[in-house]
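The next block holds one structure in the form of structure tokens; read it before the comments.
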Amino acid sequence: MVDKIVERERKVTPMKTSAAEPRYQVNPELAWRLIEDEAVILKIKTTTYYSLNPVGTVIFRAMGSEPRTREELLETVLGEFDVDVDTARNDLEELLQDLLKEELVIEVKA
């Protein structure tokens, strides 16, 4: 039996951006590891542990290698999961706000 891979085009409406769109990266003051499909994060200055679900982990990992824009993160989610654009965008925005609030990621001006 041969599995057939079907590529679907996704029309992505860019998020509102300014000339200097911010980029996000993992806070360098954290320690984190991937355990199975979950990111386990230690905020060293407070010794607080966090864990992310698989979607959050994909987003977090993308910011670990280099700073990413919201649009780049959205494309990452759409490339990994079968989800509609609006849902992905809303979930991404909610996660980014939580990660910023907890200082797990930082905003880097372009």
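For the sequence shown, this note's numbering gives the first residue as 1, with consecutive numbering after it.
Backbone N, C-alpha and C fix where the C-beta goes; we use that ideal spot for every residue, glycine too.
Which two residues bound the contiguous alpha helix (DSSP H) that contains residue i?
i: L104; result: Where L104 is concerned, there is no enclosing alpha helix (DSSP H), given that its DSSP letter is neither H nor E.
i: A168; result: One cannot answer for residue 168 here, as it falls past the ends of the chain, which runs 1 to 110.
i: R23; result: Taken as a continuous stretch (DSSP letters only), R23 belongs to no alpha helix (DSSP H), being part of the beta strand (DSSP E) at R23 to V26.
i: R70; result: R70 to E80
Just checking residue i against the ligand COA - is the residue's beta carbon closer than 7 Å to any of the ligand's heavy atoms?
i: L95; result: Annotation note on the ligand COA: not contained in the displayed structure, which lists no ligands.
What is the rounded straight-line gap between the Cα of residue i and the Cα of residue j?
i: L104; j: V83; result: 25 Å
i: K43; j: Y50; result: 8 Å
i: R8; j: T48; result: At R8 the pLDDT is 41, less than 50, meaning the model places this residue with poor confidence; the figure from the coordinates comes in the next sentence. Near 40 Å, if we compare the C-alpha coordinates of T48 and R8.
i: V40; j: N27; result: 14 Å
i: K113; j: R23; result: It is not possible to answer for residue 113, since the shown part of the chain is limited to 1 through 110.
i: L92; j: I106; result: 15 Å
i: L95; j: A88; result: 10 Å
Just to check my reading of the structure: residue i and residue j have Cβ atoms closer than 8 Å, yes? What is that Cβ distance to the nearest angstrom?
i: T57; j: E29; result: That pair is no contact at about 19 Å.
What first and last residue would you give for the beta strand (DSSP E) that runs through residue i?
i: E29; result: Here E29 belongs to no beta strand (DSSP E), and DSSP marks it neither H nor E.
i: E38; result: E38 to K43
Label residue i either buried or exposed according to how many other C-beta atoms from any shown protein chain fall within 10 Å of its C-beta, with 16 as the threshold for buried.
i: I59; result: buried
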